[in-house]
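Enquirer: Protein sequence lines, in the order shown, are assigned to chains A and B.
Sequential numbering from 20 applies to the first sequence in my numbering.
Sequential numbering from 10 applies to the second sequence in my numbering.
Where a beta carbon is used, it is the ideal one built from N, C-alpha and C, also for glycine.
Small disclaimer: the values here were computed from a predicted structure and weren't measured.
If you scroll down you'll find the structure; I have some questions about it.
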Amino acid sequence: MSDDIKKIMFTVRNAPHGSIYVYEGLEVKLIMAAYDADISVVFMDDGVLALKQGQNTEELGIKGFEKTYGVFVDYEIENVYVDKQSMEDRGMSVDDLLVIGEDEDTEEPIKPKIIDAGEIAAMMAEQHNIMSF
Amino acid sequence: MLHTVNKSPFQNSTLESCLRFISDGDVILLIEDGVYGAVAGSAKSAIVEGAIKSGTEVYALSSDLKARAITNLIDGVQITDYAGFVDFVEKHKTHSWL
Chain A
20 MSDDIKKIMF
30 TVRNAPHGSI
40 YVYEGLEVKL
50 IMAAYDADIS
60 VVFMDDGVLA
70 LKQGQNTEEL
80 GIKGFEKTYG
90 VFVDYEIENV
100 YVDKQSMEDR
110 GMSVDDLLVI
120 GEDEDTEEPI
130 KPKIIDAGEI
140 AAMMAEQHNI
150 MSF
Chain B
10 MLHTVNKSPF
20 QNSTLESCLR
30 FISDGDVILL
40 IEDGVYGAVA
50 GSAKSAIVEG
60 AIKSGTEVYA
70 LSSDLKARAI
80 TNLIDGVQIT
90 DYAGFVDFVE
100 KHKTHSWL
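This is the structure in structure tokens:
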């Protein structure tokens with residue numbers, strides 16, 4: 020672990036449109052991406068619902084953020100993970116997940132990586148800071 | 010790592026989630042409405058009982074216990090005060106489960 024590069028994990032644990040948490044958290048991530056930090060984002064609990072593709076918030080009169088998640092990789096936010104159990108509990112599979120960018124060479128769409136609680140716990144233990152949204 | 014939980018286990022699943030993602034040697038500190046998770050004989054007692062059984066250190070903040078008249082704690086739950094809270098924060102990296 021380098022001393023000067025901070026490892027910062029963002030956890031997303033709230034459903035997307037019932038509160039401002041997920042949106043505000045997204046803004047913070049994009050701001051932090053401009054700094055020299057090692058950023059990871061983990062969606063867990065109701066937070067996994069924010070990753071469903073096909074969200075249309077037009078009739079709610081709010082901007083929505085599915086498109087913004089689509090540029091995570093362009094912002095060099097590449098370490099994006101989803102808790103497997105939380106997805107399964109909510110009836111979601113990899114097909115439901117939105118895209119966070121595309122591979123530079125192959126142009127294949129990139130989705131968040133599905134991992135289990137043990138892998139997330141191990142990553143948490145390595146962080147300098149963990150921020151919840 | 011120090012994990013603080015400030016939500017009642019009757020209100021949402023924050024405490025259960027926290028326990029699902031902890032590593033060996035981590036400490037749980039129940040604060041604010043989180044202290045309801047430390048009450049013995051409730052419908053949610055099994056959560057903290059299980060954590061203690063598997064070797065996790067669980068603390069509850071005394072001021073929050075007193076404010077809520079909680080005296081019947083689950084066996085093995087330890088009590089700390091604000092000074093102890095500060096010591097934990099000094100010693101561990103902190104993860105606030107909000």
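If we require 3 or more residues per run, which beta strand (DSSP E) segments fall completely within the segment 21-77 of chain B?
Expert: Entirely contained in the segment 21-77 of chain B, the beta strand (DSSP E) runs reaching 3 residues are, in chain order, 36-39 and 66-70.
Enquirer: Would you please verify whether the beta carbon of A:Ser38 is less than 8 Å from any beta carbon of chain B?
Expert: No - not a single Cβ of chain B is within 8 Å of the one on A:Ser38.
Enquirer: Give a yes or no on whether the C-beta atoms belonging to B:Asn116 and B:Asp42 are separated by under 8 Å.
Expert: Given a span of 10 to 107 for chain B in the structure shown, any question on residue 116 of chain B remains unanswerable.
Enquirer: Tell me, please, whether the CB atom of A:Ile139 is closer than 8 Å to any CB atom in chain B?
Expert: Closer than 8 Å: yes.
Enquirer: Does the distance from the C-beta atom of B:Tyr68 to that of B:Val36 stay below 8 Å?
Expert: In this structure, B:Val36 lies closer than 8 Å to B:Tyr68 by Cβ.
Enquirer: Helix, strand or coil for A:Glu78, going by three-state DSSP, please let me know.
Expert: Helix at A:Glu78.
Enquirer: By the three-class DSSP mapping on this structure, what secondary structure does A:Gly166 have?
Expert: Any question about residue 166 of chain A goes unanswered here, given that chain A covers just 20 to 152.
Enquirer: Assuming contact is defined by CB atoms lying nearer than 8 Å, are A:Gly120 and A:Val90 in contact in what I supplied?
Expert: Yes, the pair counts as a contact, with Cβ atoms nearer than the cut-off.
Enquirer: Under 8 Å, do A:Met63 and A:Arg109 count as touching if we go by C-beta distance?
Expert: Taking 8 Å as the Cβ cut-off, A:Met63 and A:Arg109 do not qualify as a contacting pair.
Enquirer: In angstroms with no decimal places, state the Cα-to-Cα distance between B:Thr13 and B:Trp106.
Expert: If I take the Cα positions, the gap works out to 6 Å.
Enquirer: Among A:Asp122, A:Gly83 and A:Asp135, which one has its Cα closest to the Cα of B:Arg29?
Expert: Comparing Cα-Cα distances from B:Arg29 to each of A:Asp122, A:Gly83 and A:Asp135, the minimum goes to A:Asp135.
Enquirer: Scan the segment 46-76 of chain A for residues whose Cβ lies nearer than 7 Å to a Cβ of chain B and list them as they occur along the chain.
Expert: Residues Met63 and Asp64.
Enquirer: Please identify, using Cβ separations under 7 Å, the residues of the segment 84-106 of chain A that lie next to chain B, in order along the chain.
Expert: Listed by position, the residues of the segment 84-106 of chain A near chain B (Cβ gap below 7 Å) amount to none.
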